[in-house]
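Visitor:
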Amino acid sequence: MSVRLDADKDTGVAVVTLDRPARLNALDLDAVRELKDIWRELRFDDSVRAVVLTGAGQRAFCTGLDRDAVVPQPGSPYMQDDPLLTVGPKANDLWKPVVAAVEGMACGGAFYLLGECEFIVAGADAVFFDPHTTYGMVSAYESVLLAQRMPYGEVARMMLMGTAERISAGRAFGIGLVSELTGTGEASRAAVACATVIAGYPAAGIQGTVRALWAAKETARTTGFAQAPHLISLGNLPSEEQARLFTGRSAARPRTR
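Residue numbers (our numbering): 2 to 258.
#1: Are the beta-carbon atoms belonging to Gly124 and Gly137 less than 9 Å from one another?
#2: The beta strand (DSSP E) spanning Thr185 covers which residue range?
#3: Assuming Ala107 contacts Phe129 (C-beta within less than 8 Å), just tell me the rounded distance between them.
#4: So what does Leu28 bridge to, in DSSP terms?
#5: Taking C-alpha atoms, which residue in Val52, Gly175 and Gly110 lies nearest to Ala32?
#6: Closer than 6 Å by C-beta to Ala70: which residues in its own chain qualify, once you throw out the five before and the five after it? Chain order, please.
#7: Any beta carbon of chain B sitting closer than 9 Å to that of Arg158?
#8: Tell me the residue span of the alpha helix (DSSP H) that contains Val211.
#9: Which of the three DSSP states, helix, strand or coil, is assigned to Val72?
#10: Nearest by alpha-carbon distance to Leu246: which of Asp67, Thr224, Gly209 and Thr164 is it?
#11: With a Cβ-Cβ cutoff of 9 Å, do Ser169 and Thr223 count as a contact?
#12: Taking DSSP's pairing of strands, which residues face Ser261 in a bridge?
#13: Evaluate the contact criterion for the stretch 146-154 versus the stretch 58-65: three or more CB pairs, one atom per stretch, below 8 Å.
#14: Which same chain residues end up closer than 6 Å to Thr18 when comparing Cβ atoms and leaving out the 5 residues on each side of it in sequence?
#15: If you run the structure through DSSP and keep just helix, strand and coil, what is Met151?
#16: Examine the Cβ distances between the stretch 75-90 and the stretch 198-217 and report whether three or more of them are shorter than 8 Å.
#17: Within a Cβ cutoff of 7 Å, which residues of the same chain sit near Ala221, ignoring the five residues on either side of it in sequence?
#18: Taking DSSP as the reference, what is the three-state secondary structure of Val161?
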């Protein structure tokens, strides 16, 4: 299994762990299916009242879609197939609160998940960046999700700077992307502590609050997502050109701010 589910019936908290540390917790198609199954399973488990989402190991929370994953595409700009569109809890109609615990890298497709969590707790070594533009791709869905969590100038800089620059955990905390900053390796413990408090409150009120918060963002997200397929179709380089750019990527260390 590429994703672990551990539920504590006493506290009402479940921990969902992306468990592919050798691949920096990148999501292959099996992991995508497992995550979707877990979110939908948790909808029916009333003993779970709050969830923590994290990644195994210290190197990465998640680095998005595994580059070895083969996703067949219809030959039409109107019918793109993006498996990450349905990987998050909200996309699977789960309205129990989800707290993210981030250690190491969170980039690219990781934002499909982080964008559907209620808030993010990060260890001091966490870094956030989006590689799309570096490799000739439009950052569309990720941009829409993060534009609702960060000031416009900050998310624009992240997306446009690509792999040349990373946002540190401290900077992410300062601009509001991260709600709590912990020591390295302590993010999961702190996230579980928050989730335990939340799970101790009456579930209906908590879930209604989550739904209300999401409703406040839903119209803008839906409108942005409707534009995304066409922007990707127009702006993405051919896949072989993307691969060439990725293979020839610079070995220079990115700037972290």
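Backbone N, C-alpha and C fix where the C-beta goes; we use that ideal spot for every residue, glycine too.
Guide: On the basis of the data shown:
#1: Contact flag unset, no.
#2: Note, Thr185: premise wrong, no beta strand (DSSP E); not H, not E.
#3: 5 Å between Cβ atoms; contact.
#4: Note: Leu28 sits in a beta bridge opposite Leu66.
#5: Scanning Val52, Gly175 and Gly110 for the CA closest to the CA of Ala32 turns up Gly110.
#6: Only Asp29 and Leu30 meet the Cβ criterion.
#7: This model lacks chain B altogether; it includes just one protein chain.
#8: Unbroken alpha helix (DSSP H) run through Val211: Ala204 to Gly236.
#9: Looking at Val72 - three-state DSSP - the assignment turns out to be coil, as it is neither helix nor strand.
#10: Taking only the C-alpha atoms, the option nearest Leu246 is Thr164.
#11: Taking a C-beta distance under 9 Å as the contact criterion, Ser169 and Thr223 do not qualify as a contact pair.
#12: The chain is shown only over 2 to 258; residue 261 falls outside these bounds and no answer can be derived.
#13: Segments in contact, no.
#14: Hits under 6 Å: Arg5, Thr55 and Ala57.
#15: Note: Met151 maps to coil in three-state DSSP.
#16: No, the stretch 75-90 does not touch the stretch 198-217.
#17: Excluding sequence positions up to five before and after Ala221, its CB lies within less than 7 Å of the CB of Gln149, all in the same chain and listed in chain order.
#18: The residue asked about is misnamed: residue 161 is Leu in this sequence, not Val. DSSP places Leu161 in helix when its eight states are reduced to three.
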